[in-house]
Amino acid sequence: MKKIVITGMGAVTPVGIGVDEYWKQITSGASGIDTIKSFDPSELAVQIAGEIKNFNPSDYLPKDLIRKTDPFMQYAYIAAEEAIKQSKIEIEPDRTGIVMGTAMSGVATTAFTQDALSGASHKKVGPRFIPKILGNIAAANIAIDYHIQGPSYTVSTACSSGGDAIGTAIMCMQAGKADVMLAVGAESVLCPLVIYSLANAKALSKRNDSPSTASRPFDISRDGFVIGEGGGALVLETEEHALARGAKIYGEILGCGNTCDAYHVTAPHPEGRGAIACMKLALAEAGLKPSDIGYINAHGTATGKGDTVETSAIRELFGENTPYVSSTKGATGHMMGAGGITETITCVKAIETGVIPPTINLNEVDPQCAGIDLVPNTAKKAEISYAMSNAFGFGGQNSSVIVGKYSRQ
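Mapped onto this note's numbering, the consecutive letters of the sequence shown carry residue numbers 218 to 626.
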């Protein structure tokens, strides 16, 4: 097995754009959740979200690219640009690939376009509509501008899409199809259509009067998740390739797990069987024991079943000596396809800095989630060598990614 290392990272999140700003805000306990500003939400039961704040695409992208892209594509592009710049890599077209992860692609553009079409006397839809809503075009725009001509995949495994993008990228490298892979995740689903559906499913928090405290992972008073948006990117290389060019290495990907509950399209298996199996697979691939993991960035969406099943699965696998566990979704909301990447970046930064980010808005732990240090409200200092990022999604999708401190052997 080839050693796979991380040489670049990028993030576009509700608490900040850029990895440094994201990490600063996430560890300080800031919240990126507020009343929706991108459209008038006043008629909706849910009026809050984790939007990208003060975002002006022209500050980051050329006008032509803005015109032909959905916001989720823009977030993907900006995150990828940061990761590529940080890596200082010179793209070798045939030996570089990209995997994009997104749950719902251009659903908001679809919804707003149909709404405009329904109310218009002249039934006209722009020629850019189709490429703006296709999930793979996010990867295509990045590939075109950076001449990435190797493997190109787009995975859509609901909210585990970002984590599975990492796993798919690594499979390509282990198979010898590329020396460098860009793993990207992005999402922007904010529109009445999506909010109506999730609100009617009783999946969303309705704390419109207190947006910053609405997302409450593991708290007894949680009442659902908050939609977030954003993008994340990682430049992954074989160790051999990274060392040959003298790259700075930020960490290594040690193992990835992927399983399906095969139980229900929206509810997790009540005994967490799929989640347990997924974490076990990641540990086995990494060659680690449960006791080696110092931190888990939990899926932790602040839903009733999701939080209790995940914590019970962690207790079952890790026993009495569970690692630190926190959910950064209290701060960012649920970024769906983007979360699997940005939360893996969180794990890399936790190892690098010796800081465990907090679960904000956790004031009274649900007794069913007890028995674990969930790092309530304030970051903790802890020197760790290995961390795990969990991302679970509709359809019973499970993804676990283990990162570690880099050591040259």
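Glycine is no exception: its CB is placed at the ideal position from the N, C-alpha and C atoms.
Under 8 Å between C-beta atoms of A416 and A375: The residue you call residue 416 lines up with position 199 of the sequence shown. The residue you call residue 375 lines up with position 158 of the sequence shown. No, the Cβ-Cβ distance between A416 and A375 is not below 8 Å.
Residue range of the alpha helix (DSSP H) that includes G491: For the purposes of this step, residue 491 is taken as residue 274 along the sequence shown, with counting starting at 1. Here the alpha helix (DSSP H) through G491 covers 490 to 503.
Residue from D426, S438, F442, N425 whose Cα sits closest to the Cα of S432: Start at 1 with the first residue of the sequence shown, and residue 432 comes out as number 215. The shortest Cα separation from S432 among D426, S438, F442, N425 belongs to F442.
Buried/exposed call for F256, threshold 16 Cβ in 10 Å: By 1-based counting over the sequence shown, the position of residue 256 is 39. With fewer than 16 Cβ atoms within 10 Å of its Cβ, F256 is classed as exposed.
S544 and G588 closer than 8 Å at C-beta: For the purposes of this step, residue 544 is taken as residue 327 along the sequence shown, with counting starting at 1. For the purposes of this step, residue 588 is taken as residue 371 along the sequence shown, with counting starting at 1. No, they are not a contact pair.
Nearest-angstrom Cα separation, counted from E502 out to M390: The sequence position of residue 390 within the sequence shown is 173, counting from 1. The sequence position of residue 502 within the sequence shown is 285, counting from 1. Cα to Cα, M390 sits roughly 15 Å from E502.
Same chain, Cβ closer than 8 Å to V324, neighbours up to 5 away in sequence not counted: In the sequence shown, counting from the first residue as 1, residue 324 sits at position 107. For V324, where only same-chain residues beyond five positions count, the Cβ hits under 8 Å are I350, V406, C408, L410, V411.
Cβ pair L644, G547 closer than 8 Å: Outside the displayed span of the chain (218 to 626) sits residue 644, for which this structure offers no information.
Residue of F346, P348, G402, Y239 minimising C-alpha distance to Y370: Here residue 370 refers to the residue found at position 153 when the sequence shown is read from its first residue. The candidate whose alpha carbon is nearest that of Y370 is G402.
Cα-Cα separation, Q242 to A337: For the purposes of this step, residue 242 is identified with residue 25 of the sequence shown, where counting begins at 1. For the purposes of this step, residue 337 is identified with residue 120 of the sequence shown, where counting begins at 1. In a straight line, the C-alpha of Q242 is about 43 Å away from that of A337.
Bridge-paired residues (DSSP) for G225: One-based indexing of the sequence shown puts residue 225 at position 8. G225 pairs with V452.
Coil, strand or helix - F329 by DSSP: Your numbering for residue 329 matches position 112 in the sequence shown. F329 falls in the helix class under three-state DSSP.
Per DSSP, the bridge partner or partners of Q614: Counting from one through the sequence shown, the residue named residue 614 turns up at place 397. For Q614, which the question treats as bridged, DSSP gives the partners C477, G610.
Alpha-carbon spacing of K302 relative to G225, whole angstroms: Here the question's residue 302 lines up with position 85 in the sequence shown. Here the question's residue 225 lines up with position 8 in the sequence shown. Those two C-alpha atoms are separated by around 7 Å.
Residues bridged to Y370 [DSSP beta-bridge criterion]: Locating residue 370 in the sequence shown gives position 153, counting from the first residue. In DSSP, Y370 forms a bridge with V316.
Residue range of the unbroken beta strand (DSSP E) whose run includes A587: Against the sequence shown, residue 587 aligns to sequence position 370. Careful: A587 lies outside any beta strand (DSSP E) and carries neither H nor E.
Of the residues A484, G612, F609, L451, the one placed nearest K566, counting alpha carbons only: For the purposes of this step, residue 566 is taken as the residue at position 349 of the sequence shown. Of the residues A484, G612, F609, L451, the one whose Cα lies closest to the Cα of K566 is L451.
A333 burial status per 10 Å Cβ neighbour count (16 or more: buried): By 1-based counting over the sequence shown, the position of residue 333 is 116. The residue in question, A333, is exposed, as its Cβ has fewer than 16 Cβ neighbours within 10 Å.
Per DSSP, cross-strand counterpart(s) of M605: Taking the sequence shown and counting its residues from 1, one reaches residue 605 at position 388. According to DSSP, M605 bridges with I513, I619.
Simplified DSSP assignment, three categories, for E398: Reading the sequence shown from its first residue, position 181 is the one you call residue 398. As written in the sequence, residue 398 is Met, which differs from the Glu given in the question. In the three-state DSSP reduction, M398 falls in the strand class (E or B).
For I444: DSSP bridge partner residues: Counting from one through the sequence shown, the residue named residue 444 turns up at place 227. According to DSSP, I444 bridges with H551.
Residue from G352, A484, G393 with nearest C-alpha to M290: Residue 290 sits at position 73 when you count from the first residue of the sequence shown. The candidate whose alpha carbon is nearest that of M290 is G352.
For E404, the three-state DSSP class (helix, strand or coil): The residue labelled residue 404 in the question sits at position 187 within the sequence shown. Reduced to three states, the DSSP call for E404 is strand.
Three-state secondary structure assigned by DSSP to E457: For this step, residue 457 is matched to residue 240 along the sequence shown. It is helical.
Sub-8 Å separation of G613 and G491 beta-carbons: Translated into the one-based positions of the sequence shown, residue 613 becomes position 396. Translated into the one-based positions of the sequence shown, residue 491 becomes position 274. In this structure, G491 lies closer than 8 Å to G613 by Cβ.
Three-way DSSP call (helix, strand, coil) for K597 in this model: Against the sequence shown, residue 597 aligns to sequence position 380. Strand.
Own chain, CB closer than 7 Å to A484, minus 5 neighbours either side, in chain order: As a first step, residue 484 is located in the sequence shown; it is residue number 267 there, counting from the start. Here the set comprises K522.
Cα-Cα separation, S259 to P487: What you label residue 259 is simply residue 42 of the sequence shown in a count that begins at 1. What you label residue 487 is simply residue 270 of the sequence shown in a count that begins at 1. Roughly 36 Å separates the two Cα atoms.
Of the residues S414, P368, S377, S378, the one placed nearest M388, counting alpha carbons only: Along the sequence shown, one-based indexing puts residue 388 at 171. The shortest C-alpha separation from M388 is found at P368.
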